[in-house]
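Novice: In the working numbering, the protein residues as written are 233 to 541.
Beta carbons: idealized from backbone N, C-alpha and C, even for Gly.
Source: prediction; values computed, not measured.
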Ligand code: MG
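1. Whole angstroms are fine: how far does the CA of residue 483 sit from the CA of residue 504?
2. Let me know the beta strand (DSSP E) ranges lying completely inside the region 271-313, each 3 residues or longer, listed in chain order.
3. So the alpha helix (DSSP H) residue 542 belongs to, where does it begin and stop?
4. If you run the structure through DSSP and keep just helix, strand and coil, what is residue 403?
5. The ligand MG: which residues have Cβ under 5 angstroms from any of its heavy atoms, chain order?
6. Mind the definition here: the region 317-336 touches the region 357-367 only if three or more C-beta pairs lie below 8 angstroms; say whether that holds.
7. From residue 246 to residue 279, what distance separates their C-alpha atoms?
8. Please confirm whether residue 295 has its beta-carbon closer than 8 angstroms to some beta-carbon of chain D.
9. Within the continuous beta strand (DSSP E) that includes residue 510, where are the two ends?
10. Which residue marks the beginning of the beta strand (DSSP E) containing residue 458, and which one marks its end?
11. Looking only at its own chain, which residues have a Cβ that is under 8 angstroms from the Cβ of residue 540, when we skip the five neighbours before and after it?
12. So the candidates are 361, 487, 500, 272; which of them puts its Cα closest to the Cα of residue 447?
13. Shortest alpha-carbon distance to residue 465 belongs to which of 452, 485, 458, 454?
14. Provide the residue(s) that pair with residue 437 in DSSP beta bridges, ordered along the chain.
15. Taking the C-alpha atoms as reference points, what is the distance between residue 434 and residue 375?
16. Closest by CA to residue 394, which one among 309, 427, 295, 289?
17. Which residue or residues does DSSP assign as beta-bridge partners of residue 324?
18. Pick out whichever of 290, 236, 281 has its Cα sitting closest to the Cα of residue 252.
19. Classify residue 243 as buried or exposed, calling it buried when 16 or more other Cβ atoms lie within 10 Å of its own Cβ.
20. At which residues does the alpha helix (DSSP H) containing residue 416 begin and terminate?
21. Quick one: is residue 422 buried, meaning 16 or more other Cβ sit within 10 Å of its Cβ, or exposed?
22. Which of helix, strand or coil does DSSP assign to residue 380?
23. Mapping DSSP to helix, strand and coil, what is residue 540?
24. Can you say whether residue 402 is buried or exposed, counting buried as having 16 or more other CB atoms within 10 angstroms of its CB?
25. Run the CB neighbour count on residue 534, radius 10 Å, all protein chains shown included, and call it buried at 16 or more, exposed below.
26. Would you call residue 491 buried or exposed, if buried means 16 or more other Cβ atoms sit within 10 Å of its Cβ?
27. Using DSSP's beta-bridge definition, name the partner residues of residue 237.
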């Protein structure tokens with residue numbers, strides 16, 4: 233089971249505090265020490281819009297020094313993809329909103345323009361020599377519902393997924409951007425995509441805990457066979473559509489759920505909680521979520537030994 237830490241991107245882009253590069257690298261080091269082996273370290277977006285992400289190239293360069301760490305980055309377009317390849321990122325994700333209204337509002341582009349950017353990114357990625365070709369993934373955002381349009385139908389998700397895969401994208405992800413999803417819906421979407429496009433195209437989900445359904449949705453996802461789950465240390469980031477509400481799934485609670493059920497994450501929960509406290513001290517004015525950190529580990533909890541798988 234792979235836990236993909238997204239706090240440095242999804243968390244930090246949602247708060248106004250600009251974390252210095254050295255502090256970001258310390259965050260990476262602490263989670264790496266706890267056994268985390270995939271971290272989305274930033275995004276190549278307009279630095280005027282998101283100055284929190286202005287040092288993404290430097291953070292990638294630093295993150296590449298941790299052996300065995302998959303360094304992931306988010307890009308909104310071909311230009312971002314170029315920068316991500318130049319910086320040496322292992323994994324590049326591009327968000328595509330199933331809700332076209334959301335896509336226009338979020339990235340100023342409708343579906344045809346986004347699909348053109350995706351093809352351009354794919355061309356760049358495929359032009360790399362095989363030993364340094366990054367992994368390219370398109371994350372289907374607002375797949376469970378849109379804050380502007382409301383309900384998003386499974387059919388809309390399948391149709392867009394089909395168009396993305398038809399363009400040659402090897403992998404898609406499902407994102408509950410607005411925290412509207414439930415386990416029944418998740419099962420329908422995952423099995424619907426697998427039935428139509430094959431099991432290889434979808435193995436990761438990005439879920440939110442905005443309405444308290446985050447871990448219920450995770451449980452359904454892992455039972456179905458999803459193998460990568462995104463989460464954020466301390467649930468950092470909140471939900472941009474509901475001020476004050478929590479957003480991302482809390483990495484610490486996710487590790488507790490999976491490890492206590494016998495799923496192997498390779499993450500030492502005691503060290504992860506220590507990482508949380510250290511990073512929280514670097515961002516003292518932010519809200520930190522999570523039940524496991526509040527309650528502490530249960531008596532007799534046996535820490536796991538990171539094995540990097
Ligand atoms: Mg998120």
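Specialist: In this structure, then:
1. 9 angstroms
2. 302-306
3. In the structure as shown, the chain begins at 233 and stops at 541. Residue 542 is therefore absent and cannot be evaluated.
4. strand
5. 242, 480
6. Segments in contact, yes.
7. Taking the Cα positions, residue 246 is about 14 angstroms away from residue 279.
8. This model lacks chain D altogether, as it is built from one protein chain only.
9. It is not in any beta strand (DSSP E) - residue 510 instead sits in the alpha helix (DSSP H) that spans 501-514.
10. Unbroken run through residue 458: none, as it is neither H nor E.
11. Low confidence applies to residue 540: its pLDDT is 47, below 50, so where it sits in the model is not reliable, and the reading given next is rough at best. So the list reads 267, 269, 300, 498, once near-sequence residues are dropped.
12. Closest by alpha carbon: 487.
13. 485
14. 406, 461
15. 13 angstroms
16. Of the candidates 309, 427, 295, 289, the one whose C-alpha sits nearest the C-alpha of residue 394 is 427.
17. Answer is 305, 368.
18. 290
19. buried
20. 415-429
21. Flag for residue 422 reads buried.
22. coil
23. Low per-residue confidence applies at residue 540: pLDDT is 47, beneath 50, and the placement is therefore not dependable, though the value from the model is reported in the following sentence. Judged by DSSP in its simplified three-state form, residue 540 adopts coil rather than helix or strand.
24. exposed
25. In this structure residue 534 is exposed. Its beta-carbon is surrounded by fewer than 16 other beta-carbon atoms within 10 angstroms.
26. buried
27. 271, 463
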